[in-house]
Amino acid sequence: MTLKIIEGPIDIGKPSRPRYRTALDANGNKVRIRMLDPNSPTFTADFLSSFRANVRRARAENKALGLDVK
506 MTLKIIEGPI
516 DIGKPSRPRY
526 RTALDANGNK
536 VRIRMLDPNS
546 PTFTADFLSS
556 FRANVRRARA
566 ENKALGLDVK
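Residues 506 to 575 (this note's numbering) are what the sequence shown spells out, left to right.
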């Protein structure tokens, strides 16, 4: 096994279009789940995009509840 040292940021590329599935949560409410394909060549970009979307949604929910801390 050889290691390649890369200096600077790694270009992960552009994420593919998100795919969603609808499921029911514990209370019976419909929720959208973002689907990721681990074998996709854009998995890294898709995963980062999904993470950022989750953080953005959580911050908006906290702000609506008055829990935003700066």
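Ideal Cβ positions, reconstructed from N, Cα and C, are used throughout, including at glycine. Since this is a predicted model, take the numbers as computed values, not measurements.
Quick one: what's residue i bridged to in DSSP?
| i | result |
| --- | --- |
| I538 | R526 |
By alpha-carbon positions, which one of the options ends up nearest to residue i?
| i | options | result |
| --- | --- | --- |
| T527 | K519, M540, D516 | M540 |
| K519 | T507, A565, L570, S545 | S545 |
Going by beta carbon distance, what residues of the same chain come within less than 8 Å of residue i, once the five residues before and after it are set aside?
| i | result |
| --- | --- |
| L529 | K535, V536 |
By Cβ distance below 7 Å, which residues in the same chain neighbour residue i in space, the five residues on each side in sequence not counted?
| i | result |
| --- | --- |
| T549 | I517 |
| D551 | P520, S521, L541, S545 |
| I538 | Y525, R526, A528 |
Can residue i be considered in contact with the ligand SAH, in the sense that its beta carbon sits closer than 8 Å to one or more heavy atoms?
| i | result |
| --- | --- |
| S554 | Here there are no bound small molecules, and the ligand SAH is not part of this structure. |
- Where in the region 544-568 do unbroken runs of the beta strand (DSSP E), each at least 3 residues long, occur, reported from the N-terminal end onward? none
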